[in-house]
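Okay, so the sequence shown: first residue is 0 according to numbering that gives the first Met the number 0, each after it adds one.
All C-beta atoms, glycine included, are put in the ideal place defined by N, C-alpha and C.
On a predicted model such as this, the values are computed, not experimentally measured, just so you know.
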Amino acid sequence: MKVIVLVRRSFIAFASAAAVSCGGAERSDVQPVRGTCLAAGRPAVGARVVLVPVAAGRGSPASGVAGSDGTFRLTTVTKDDGAKEGEYAVTITWPDPQRANGDGTGEAADRLRGAYRDPAKPFCRVTVRPGENELPPFEIK
Numbered sequence: 000m001k002v003i004v005l006v007r008r009s010f011i012a013f014a015s016a017a018a019v020s021c022g023g024a025e026r027s028d029v030q031p032v033r034g035t036c037l038a039a040g041r042p043a044v045g046a047r048v049v050l051v052p053v054a055a056g057r058g059s060p061a062s063g064v065a066g067s068d069g070t071f072r073l074t075t076v077t078k079d080d081g082a083k084e085g086e087y088a089v090t091i092t093w094p095d096p097q098r099a100n101g102d103g104t105g106e107a108a109d110r111l112r113g114a115y116r117d118p119a120k121p122f123c124r125v126t127v128r129p130g131e132n133e134l135p136p137f138e139i140k
């Protein structure tokens, strides 16, 4: 049941973000972005990486989820299209589907306990440039 609620809420959040970003970002404006998310040198499978624009009004957030090898590709408008050029704050959450977060919502607990969830206190900052972008590996603790 908890996993179903998490999947449903993730889908709703993603669909909402996609609907909003469809009006502002054009596919030609985004650059391909990929990276790797690791924990203790191993793939952080399921970690959600979100790039939030640092400058207000400078585009939509881009997000991706680490796969079985820890790699992710960012999505802004359509799957794996990338992110707009610019500077971003990187936020990371790592849902644990085996544990509820304790607030009664049924959502999975963040294995990182919110350490990198706030764009004002991000994991790091990155710059997306024209062309292919390979982000440095993100080693989360």
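Cβ distance (whole Å) where residue 118 is taken to contact residue 82 below 8 Å:
In the sequence shown, counting from the first residue as 1, residue 118 sits at position 119. In the sequence shown, counting from the first residue as 1, residue 82 sits at position 83. Contact flag wrong, Cβ pair sits at about 14 Å.
With a Cβ-Cβ cutoff of 8 Å, do residue 127 and residue 85 count as a contact?
Numbered from 1 along the sequence shown, position 128 holds the residue referred to as residue 127. Numbered from 1 along the sequence shown, position 86 holds the residue referred to as residue 85. Yes, Cβ-Cβ distance for residue 127 and residue 85 is below 8 Å.
Where DSSP assigns a beta bridge to residue 46, which residues make up the other side?
Position 47 of the sequence shown, counted from the start, is the residue given in the question as residue 46. Answer by DSSP bridge pairing: none, since residue 46 is not bridged.
C-alpha gap between residue 51 and residue 41, whole angstroms
Position 52 of the sequence shown holds residue 51. Position 42 of the sequence shown holds residue 41. C-alpha separation (whole angstroms): 25 Å.
Should residue 91 and residue 38 be called a contact, given that it needs their Cβ atoms to be closer than 8 Å?
Along the sequence shown, read from residue 1 onward, the residue named residue 91 stands at position 92. Along the sequence shown, read from residue 1 onward, the residue named residue 38 stands at position 39. No, these two residues do not count as a Cβ contact at 8 Å.
What do you get for residue 68, buried or exposed, if any count of 16 or more other CB atoms within 10 angstroms of its CB means buried?
As a working note, residue 68 is residue 69 in the sequence shown. So residue 68 counts as exposed.
Do you know how far the Cα of residue 139 is from the Cα of residue 131?
Within the sequence shown, the letter at position 132 stands for residue 131. Within the sequence shown, the letter at position 140 stands for residue 139. Distance between the alpha carbons of residue 131 and residue 139: 24 Å.
Please return the same chain residues whose Cβ sits closer than 8 Å to the Cβ of residue 29, not counting the five positions on each side in sequence.
Taking the first residue of the sequence shown as 1, we reach residue 29 at position 30. Answer for residue 29: 61, 75, 76, 80, 81, 82, 83, listed in chain order.
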